[in-house]
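Residues in the sequence shown are numbered consecutively from 7, following this note's numbering.
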Amino acid sequence: MKKTIITVVGKDTVGITAKVCTYLADNNINILDISQTIVQGYFNMMMITDTNQAVKSFGQIAEEMEMLGEKIGVSIRCQHEDIFNKMHRI
Numbered sequence: 007m008k009k010t011i012i013t014v015v016g017k018d019t020v021g022i023t024a025k026v027c028t029y030l031a032d033n034n035i036n037i038l039d040i041s042q043t044i045v046q047g048y049f050n051m052m053m054i055t056d057t058n059q060a061v062k063s064f065g066q067i068a069e070e071m072e073m074l075g076e077k078i079g080v081s082i083r084c085q086h087e088d089i090f091n092k093m094h095r096i
């Protein structure tokens, strides 16, 4: 299984989760785990996804997600699971 960590951060507005999840569904990317919070008007979401069935490359997905974030006013970042784990190891 190829896992990707997706983070979404920005000022809260209607439809952020819906737009991100629609992109994932349209690209055959399964959400394995999701956590989101809104703190004083700021939206923060972290997802663990399975990109095994995705037709597009990781680079293309990451670029399109970043462009989606710009369009909806948030920052969206994608990282391979192994890179994420190494960056956050104590």
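From the three backbone atoms N, C-alpha and C, an ideal C-beta is built for every residue, glycine too.
Predicted model, so just to flag it, every value in this text is computed and none were measured.
Please report how far the alpha carbon of residue i lies from the alpha carbon of residue j, in whole angstroms.
| i | j | result |
| --- | --- | --- |
| Ser-24 | Thr-13 | The residue you asked about is not Ser; residue 24 is Ala in the sequence shown. Their backbone Cα atoms lie some 14 Å apart in a straight line. |
| Gln-59 | Ile-44 | 31 Å |
| Thr-82 | Gly-21 | What sits at residue 82 in the sequence shown is Ile, not Thr. Distance between the alpha carbons of Ile-82 and Gly-21: 14 Å. |
| Lys-77 | Asn-36 | 22 Å |
| Ser-41 | Met-53 | 6 Å |
With a threshold of 7 Å on Cβ separation, who are the neighbours of residue i within its own chain once the five nearest residues in sequence on each side are excluded?
| i | result |
| --- | --- |
| Gln-167 | This structure does not reach residue 167, given that the chain is present from 7 up to 96, and the question cannot be answered. |
| Gly-79 | Gly-16, Lys-17, Thr-19 |
Skipping 5 residues on each side, what residues in its chain have a beta carbon closer than 6 Å to that of residue i?
| i | result |
| --- | --- |
| Cys-84 | Thr-10, Ile-12, Ala-68, Met-71 |
With DSSP as the reference, label residue i as helix, strand or coil.
| i | result |
| --- | --- |
| Lys-8 | coil |
| Ile-37 | strand |
| Asn-45 | At residue 45 the sequence reads Val, which differs from the Asn that was named. Correct three-state label for Val-45: strand. |
Below 8 Å CB to CB, which residues in the same chain sit around residue i once its five sequence neighbours on both sides are set aside?
| i | result |
| --- | --- |
| Tyr-48 | Val-15, Gly-16, Lys-17, Asp-18 |
If we count the other Cβ atoms within 10 Å of its Cβ and call it buried at 16 or more, is residue i buried or exposed?
| i | result |
| --- | --- |
| Leu-38 | exposed |
| Val-26 | buried |
| Met-51 | buried |
From the DSSP output, which residues share a beta bridge with residue i?
| i | result |
| --- | --- |
| Cys-84 | Ile-12 |
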